[in-house]
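Here is the structure we will look at, set down as structure tokens.
Number of protein chains: 2
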Amino acid sequence: MEGAQAVREALGADVPVHELFVTPDATERHPDLVDAARTAGVRVVPVTDRAAASLSDTVTPQGLVAVCDLLDVPVETALAARPALVAVLVGVSDPGNAGTVIRVADAAGAGAVLLAGDTVDPHNGKAVRASTGSVFHLPLARDRAAGAVLDACRSAGLTLLAADGRGELDLHGPRAADVLRSPTAWIFGGEAHGLPPELAAAADHRVRVPIHGRAESLNLATAAAVCLYASAQHRSR
Amino acid sequence: MEGAQAVREALGADVPVHELFVTPDATERHPDLVDAARTAGVRVVPVTDRAAASLSDTVTPQGLVAVCDLLDVPVETALAARPALVAVLVGVSDPGNAGTVIRVADAAGAGAVLLAGDTVDPHNGKAVRASTGSVFHLPLARDRAAGAVLDACRSAGLTLLAADGRGELDLHGPRAADVLRSPTAWIFGGEAHGLPPELAAAADHRVRVPIHGRAESLNLATAAAVCLYASAQHRSR
Numbered sequence: 006m007e008g009a010q011a012v013r014e015a016l017g018a019d020v021p022v023h024e025l026f027v028t029p030d031a032t033e034r035h036p037d038l039v040d041a042a043r044t045a046g047v048r049v050v051p052v053t054d055r056a057a058a059s060l061s062d063t064v065t066p067q068g069l070v071a072v073c074d075l076l077d078v079p080v081e082t083a084l085a086a087r088p089a090l091v092a093v094l095v096g097v098s099d100p101g102n103a104g105t106v107i108r109v110a111d112a113a114g115a116g117a118v119l120l121a122g123d124t125v126d127p128h129n130g131k132a133v134r135a136s137t138g139s140v141f142h143l144p145l146a147r148d149r150a151a152g153a154v155l156d157a158c159r160s161a162g163l164t165l166l167a168a169d170g171r172g173e174l175d176l177h178g179p180r181a182a183d184v185l186r187s188p189t190a191w192i193f194g195g196e197a198h199g200l201p202p203e204l205a206a207a208a209d210h211r212v213r214v215p216i217h218g219r220a221e222s223l224n225l226a227t228a229a230a231v232c233l234y235a236s237a238q239h240r241s242r
Numbered sequence: 006m007e008g009a010q011a012v013r014e015a016l017g018a019d020v021p022v023h024e025l026f027v028t029p030d031a032t033e034r035h036p037d038l039v040d041a042a043r044t045a046g047v048r049v050v051p052v053t054d055r056a057a058a059s060l061s062d063t064v065t066p067q068g069l070v071a072v073c074d075l076l077d078v079p080v081e082t083a084l085a086a087r088p089a090l091v092a093v094l095v096g097v098s099d100p101g102n103a104g105t106v107i108r109v110a111d112a113a114g115a116g117a118v119l120l121a122g123d124t125v126d127p128h129n130g131k132a133v134r135a136s137t138g139s140v141f142h143l144p145l146a147r148d149r150a151a152g153a154v155l156d157a158c159r160s161a162g163l164t165l166l167a168a169d170g171r172g173e174l175d176l177h178g179p180r181a182a183d184v185l186r187s188p189t190a191w192i193f194g195g196e197a198h199g200l201p202p203e204l205a206a207a208a209d210h211r212v213r214v215p216i217h218g219r220a221e222s223l224n225l226a227t228a229a230a231v232c233l234y235a236s237a238q239h240r241s242r
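These protein sequence lines map, in sequence, to chains A and B.
Start counting the first sequence at 6; every next residue gets the next number (the numbering used here).
Start counting the second sequence at 6; every next residue gets the next number (the numbering used here).
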């Protein structure tokens, strides 16, 4: 984990942090973080700017890199608490998009994010940064077998809604309102090709965000935001 | 305008296209586009791959670059048709974010997007690409004087709603429902610092997207998607 925000979240989360590499500059800028790491029993290792840069995948390294355990858990563990709202990403390859959806799922009150099929690793630095800490806030699970992930959601009592621009159910239509009151797993496909047809067909409903203007579609993150918040809105009523 | 999608939108839109530079490869891949340009009286100029690359700001140029007039109009012109939904961006510096908000505003049925203050130029190549054609779909206006833009919105009969994470009105709360039925200009601030306090204060209401989980906030594009679609939902009732 890289940078002050991610390191702070890691230290405050349940995930074991093993080592913190920190430059003299960063030690001066973030004495609280270095103290917190020491108090938590984390080994704090002073490093040069050059060493910190070689650990970093950003253009302007912040001089703080923590080594911690992987965050993801098995799908069944992520669903064990019977969350009423879950986001499933299938074949999402852009790490910024994946991180942004994890952030908006967190904001909308989702209880887990499941990364299925050829979806990018949520530990990717760009995904972690785009999530602005949310990778630490809710259970993440990864499984290449997307069909098995959907089965696990169904077994956990979730209604499966596939976000699909050509779906039969209008998100804001009267028929969707009833559906949105159930515990829901939203399934989002990748940027380039959307959801594979067999997975869209396996969902209980295919739901479209209505397009009122002349745009052809929404991008993944904005569509996910509108869908997940539609669920949040119905749940809070 | 660069790439097949943007060139196709430009040829189909109201904006005058003057020249189309095209490589032999692109001519073979998109004969329909080259024909449409010729039919529309556009001067078609064959160029080498190297020349096309020097005209491009992408890593993998598509070999199609059109020269057309600027798209933006004065603020008063953009509001002349009395749109019932408008997005105002203030100090948005990232072109990808600006383009994404233009796309979601289009999808939600907005009648104009106004770019105020230090907001990025919507003609920026990244903004055009992120908008996936939406820069051609609705009037765009630019004005550095953000206060004057808000005044123009008010004069056009729009209620001014500032998107503000600490706003007094919950977007999904009962009090917001009445507000969202009015013709609305949504005002969105930049990624780094949000909306300047004096502009937030000048709005009729400051509206927050409720955060149900532990995320601190939403990013600009997802917040704009949720806000603009909340308006679309109330308008379509």
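Glycine residues also receive a C-beta, built at the ideal position from the N, C-alpha and C atoms.
All values derive from a computational prediction rather than experimental measurement.
Item                                                                                                                                                                                             : Value
Does chain A have any CB closer than 8 Å to the CB of B/A207?                                                                                                                                    : no
Compile a chain-ordered list of the residues in the segment 222 to 236 of chain B whose CB is closer than 7 Å to at least one CB of chain A.                                                     : L223, N224, A226, T227, A230, V231, Y234
If you draw a straight line from the C-alpha of B/R13 to the C-alpha of B/P144, how long is it?                                                                                                  : 18 Å
Distance check for A/V212 and A/R171, CA to CA, integer angstroms please.                                                                                                                        : 8 Å
Quick one: is B/L27 buried, meaning 16 or more other Cβ sit within 10 Å of its Cβ, or exposed?                                                                                                   : For clarity, residue 27 of chain B is Val in the given sequence; the question names Leu instead. It counts as buried.
Counting only runs of 3+ residues fully inside the segment 152 to 194 of chain B, write out the beta strand (DSSP E) ranges in chain order.                                                      : 164 to 168, 189 to 194
I need the boundaries of the beta strand (DSSP E) containing B/L90, first residue and last residue.                                                                                              : 90 to 95
Please compile the residues from chain A whose C-beta is within a distance smaller than 9 Å of the C-beta of B/T28.                                                                              : Residues of chain A passing the Cβ test: none, with the nearest at roughly 24 Å.
Less than 8 Å between the beta carbons of B/A103 and B/A132, yes or no?                                                                                                                          : yes
Listed from N- to C-terminal order along the chain, which residues in the segment 133 to 144 of chain A have their beta-carbon within a distance smaller than 9 Å of any beta-carbon of chain B? : A135, S136, T137, G138, S139, F141, H142, L143
Can you pull the chain A neighbours of B/S241, defined as C-beta to C-beta under 8 Å?                                                                                                            : H177, P215, H217
In this structure, does DSSP put A/G199 in helix, strand or coil?                                                                                                                                : strand
Please state whether DSSP places B/L143 in a helix, a strand or coil.                                                                                                                            : coil
With a CB to CB cut of under 7 Å and the five nearest residues on each side skipped, what residues in its chain are close to B/H80?                                                              : Reading off the sequence, residue 80 of chain B comes out as Val, not His. The residues are L119, A146, D148, V154, A157.
Would A/A85 pass as an interface residue toward chain B - the criterion being a Cβ-Cβ separation below 8 Å?                                                                                      : no
DSSP state of B/L212, grouped into three classes?                                                                                                                                                : First, the amino acid is wrong: residue 212 of chain B is Val here, not Leu. B/V212 falls in the strand class under three-state DSSP.
DSSP on A/H35, reduced to helix/strand/coil?                                                                                                                                                     : coil
Could you tell me whether any Cβ in chain B is nearer than 8 Å to the Cβ of A/V109?                                                                                                              : yes
Do you know whose CA, among A/V78, A/F193, A/V106, A/M6, lies nearest A/T63's CA?                                                                                                                : A/M6
Mark A/L75 as exposed unless 16 or more other C-beta atoms lie within 10 angstroms of its C-beta, in which case mark it buried.                                                                  : exposed
Looking at the secondary structure, which residues open and close the alpha helix (DSSP H) in which B/H23 lies?                                                                                  : Element bounds for B/H23: not the alpha helix (DSSP H) but the beta strand (DSSP E), 22 to 27.
Applying a beta-carbon distance threshold of less than 8 Å, which residues of chain A neighbour B/G114?                                                                                          : H217, G218
Starting from the beta carbon of B/Q238, find every residue of chain A whose beta carbon is closer than 8 Å, and list them in chain order.                                                       : H177
Could you check whether the Cβ of A/T63 sits closer than 8 Å to any Cβ belonging to chain B?                                                                                                     : no
Please look up how many angstroms separate the CB atoms of A/V70 and A/G195, rounded, as I've assumed it's under 8 Å.                                                                            : That pair is no contact at about 30 Å.
Report the neighbours of B/T189 on chain A: residues whose CB is nearer than 9 Å to its CB, in chain order.                                                                                      : What B/T189 touches in chain A: nothing, since even the nearest Cβ is about 14 Å away.
For A/D19, does the count of other Cβ atoms within 10 angstroms reach 16, so buried, or fall short, so exposed?                                                                                  : exposed
Using DSSP with H/G/I as helix, E/B as strand and the rest coil, what is B/R48?                                                                                                                  : strand
Shorter than 8 Å from the beta carbon of A/T105 to some beta carbon of chain B?                                                                                                                  : yes
May I ask you to report which of helix, strand or coil DSSP gives A/E221?                                                                                                                        : coil
Exposed or buried, B/H23, counting other C-beta atoms within 10 Å across all chains shown (16 or more means buried)?                                                                             : exposed
Is it true that the CB of B/L84 sits closer than 8 Å to the CB of B/R240?                                                                                                                        : no
Under 6 Å Cβ to Cβ from A/A113, same chain only, skipping five residues before and after it: list those, please.                                                                                 : L233, Y234, A237
If you check the beta carbons only, do B/V97 and B/T53 fall under 8 Å apart?                                                                                                                     : no
Which whole-angstrom value is the C-beta distance of A/L25 and A/A42, which I expect to be below 8 Å?                                                                                            : 5 Å
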